[in-house]
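Residue numbers (my numbering): 241 to 986.
Here's the structure, in structure tokens; my notes come after.
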Amino acid sequence: MEVTKRDGRIVPFDITKIRNIIERCCEGLDVNPLQLESSLSAKFKDKVSTSAIQQEIILTTVSLISPDEPDWDYVAGRMILYNLEREVYKRTGMDYSTPFSEFFSYMIRNGYYDKTIFDTWTEDEIKQLDGHINVKNELSYNTTSALSTMKRYLVKNSRGVIELPQWADMSACIYINKYSNDKVRETVKDYKLVSNKSISLATPFKANLRKPDANLSSCFILDYDDSSESITKCNEDIAFISKNGGGVGAYLGRLRCSDSPVKETGKANNITLWTKIINDIAVAWNQLSQRKGAVTPALDVWHKDILEFIEMKTETGDLRSKAFDLHPQVVLNDRFIEAVRLDKDWYMVDRREVQAKLDIDILNPKVFHENYPKIEELAQAKKLKNMNVKRAKELWKQLLQVYVETGDLYLTHKDNLNRMNPMIDDGKFIQCTNLCTESFSVIEPAQDHKIELIDGVVHKTYKPGLTHTCNLVSLNLSVLTSDSALEEASRRAVRILDKAIEVTTVPVYDGHRHNQNYRTIGVGTLGLADYLAYHRLGYLKDESLEVAERLQEKIAYWTLDESCNIAQEKGSFPEFDKSYFKRGIILGRTAKQNIKLSTAGLDWASLHEKVKKGVRNMMIVAVAPNTGTSLCTGATASYLPVFNKFFYEDFSGMQTPRLPKYLKSRFWYYNEGYTVPATRIVELTTRLQRWIDTGISMELVLNPEVITIKSLSDSILTGFENGLKSVYYSRTLDTTSTETCVSCAN
């Protein structure tokens, strides 16, 4: 029997080569190589290609994966990457025996990588990295992590993938350190933690970083002002951000409500007409040509048009007001929660009319809270003409009904967003969250829009605003099971993200301005379910809540402390002197308050003194859904339970088993999502939120067998009363996935 090799040569079939591959991929794992060899049922035809043989071996290996023998998952992952290395060699003439610097030069020379890297790096410095590629890191890839890395993140040409995972990781770290002083040393440090999966880079890093004009930011929030010029500009910004793969939050609270005066004789339309336009922009300007744009328009619960707004995705009503491709976000506040609890009326008003009557701007959350009783008095005295009223409890029920039925109505608490807002002293406010509800900061609309004709050329000018922009990474708790490892990765993650601010190309200038002025970053986590299982804990044990909160406190402490260290080296974020850090405030609390709240035994008193001298990044911690990147790391997503302990998913045309990392040794400590009451997840999120300056993507799995709407309502209301900032998706056991932004790849 003969086989056809990848280069077209026909050679005799050699079974020992198959045995060698199998033994190599099974090394160190709890599997029997003979079981795989005997399971190869296919009788290969004469002159079968070696790639077809390899594919048959992979498929047979995947078929052996089971809860009793989960290590076959890693055998399959190794097989896939072994096959990839052969394919890359066929396309480029290079494999892991090739010096990394030679591969890097090839990618620059052929235009796959951004050549401006040599503005700061030298070829000799690149050569110094040759000995640091660690191919053994690929032994930790399972089936899904290997397939997802190949499909989503490795560079391709017309023939297929031309990049290998360790090359990609090292190249990404080179670009992160484009402007570092000790570039080689810093790159090696970053590569060590990225390549061994201690730190998981967000999708924009993995997909874009090596390419020209790379946008690394995952999150954006625009602030629409109440003018045609601002609306047009923000719509244009959504298009450019979406084109570059970012998810967008769009705050609409400034826009006038229906029937509000327009000039002297006109009246404004309902805000849903604007959301309809945003919807069409999101569909037309898709993300990196991969999927529809993803936008969450946000509107305050006091806005007169809120009732129509929350129905934008339901099947009833005027189709002209529907926006089925958006992810609506309702911005709540303390006064509304109070009205629900007391079963009071809730007044939805025209901001401009309130401004005319009381000379206040209720966009300011403090002003709204202090003056809402006066608004109630005006409404009850019939002195407000353009308003709606509804029982607060009924409106809350309507919100929950839409949330449960569509799974896609975000609930955000503005007062809680601003309690940890470092710029509150400067009179700047957080209005809403980003697309995944975990990242946010101060935003402002652009002002003074002008169009001038100068020497036959049209010039558009405006005073720039602030578009929230944030770069994200996640700490992989499935491998960071010791405090020493977690501290090292936490500190390095801050440095990686801070360096990324200097190399990213933000699609819109207002986002660039925000990046430079506030340097917001988001250090998140994934693999909490693995971490708890490793330590023989499950989500249903009270001890798990304490362990998870203590873990999050340590991350908060180490990341902020490292941001202070960087500030001492490079300076604080430019607006630092206007922040509450200058007064020694951390997470909206005094030293005395944090010491009382602490359970991790950390020296908060010293850190409160340290922040007075400087902080590099205004916002630091954000826990994203990171479902896509968790696939690449082989860890459970975010801080949530596993969907199921063992299930099959179609991935790249292959029925691929999905199972958590420690399934064999910790089977009973993995709680499946549908067995954990949503109320438990709300409680966990609320406790973690104490130590997270931005937010958490809280996705709830609603199982009617373990939760009622009343208990869900009470749980979320109690969460909001105790600092919960936002509620993300809800899922039921039979829902299909909803497209979000490629940055989180949910």
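Every residue gets a Cβ at the ideal spot worked out from N, C-alpha and C, and that includes glycine.
Predicted model, so just to flag it, every value in this text is computed and none were measured.
Check	Outcome
DSSP-derived helix/strand/coil call for D270	coil
Simplified DSSP state of N526, which is helix, strand or coil	coil
Reference S870; option with closest CA among L766, K852, R927	L766
Three-state class that DSSP yields for A894 in the structure shown	Going by the sequence as given, residue 894 is Met instead of Ala. Correct three-state label for M894: strand.
Segment contact, 8 Å Cβ cut-off, at least three pairs: the region 722-742 with the region 404-412	no
Assigned secondary structure, Q236 (DSSP; H/G/I helix, E/B strand, else coil)	In this structure the chain extends from 241 to 986, so residue 236 is not present and cannot be described.
Beta-carbon proximity list for S718, same chain, < 6 Å, skipping 5 on both sides	G767, D770, A875, K901
Run of the beta strand (DSSP E) containing G487, from where it starts to where it stops	487-491
C-alpha distance - Y464 paired with I860, whole-angstrom precision	25 Å
Cα-Cα separation, T362 to K245	38 Å
Assigned secondary structure, K637 (DSSP; H/G/I helix, E/B strand, else coil)	helix
Cβ neighbour criterion (16 or more within 10 Å) applied to A442	buried
Straight-line Cα distance separating E742 from S905	43 Å
Per-residue DSSP class, three states only, for N857	coil
Nearest residue (CA-CA) to T830, options N374, I478, P662, L539	P662
Neighbourhood of W798 by C-beta distance below 7 Å, restricted to the same chain and skipping five residues each side	E727, S730, R731
Whole-angstrom distance between E267 and Y322, CA atom to CA atom	14 Å
With 16 other Cβ atoms within 10 Å as the buried cut-off, status of V982	For V982, the pLDDT reaches just 47, beneath the cut-off of 50, and the residue's location in the model is therefore unreliable, leaving the point undetermined.
Unbroken alpha helix (DSSP H) run spanning T673, endpoints	Note, T673: premise wrong, no alpha helix (DSSP H); not H, not E.
Whether N519 touches S482 by CB criterion (8 Å)	no
4-residue-minimum alpha helix (DSSP H) runs that sit fully inside the region 307-338, ordered along the chain	312-332
Counterpart residues of T987 in DSSP-defined beta bridges	Nothing in the structure corresponds to residue 987, since the chain is present only between 241 and 986.
Cβ pair D666, K818 closer than 8 Å	yes
Burial state of H699 (16 or more Cβ within 10 Å)	exposed
Within-8 Å CB hit, V629 to chain C	Included in the structure is just one protein chain, with no chain C present.
Contact between the region 683-697 and the region 845-853 (3+ Cβ pairs under 8 Å)	no
Neighbour-count burial assignment, W542, 16 or more Cβ in a 10 Å radius	buried
Best match in K810, G824, S722, R659 for proximity to L772 [C-alpha to C-alpha]	S722
C-beta atoms of F460 and G493 nearer than 8 Å	no
Whole-angstrom distance between T356 and T745, CA atom to CA atom	13 Å
Three-state secondary structure (DSSP) of R906	helix
Cutoff 6 Å; reference Y969; Cβ partners in own chain excluding five residues on either side	G647, E939
For G913 and V882, the rounded distance between their alpha carbons	6 Å
Burial state of K257, where buried means 16 or more other Cβ atoms lie within 10 Å	exposed
Extent of the continuous alpha helix (DSSP H) to which M390 belongs	383-392
Residues that DSSP places opposite T536 in a beta bridge	G489
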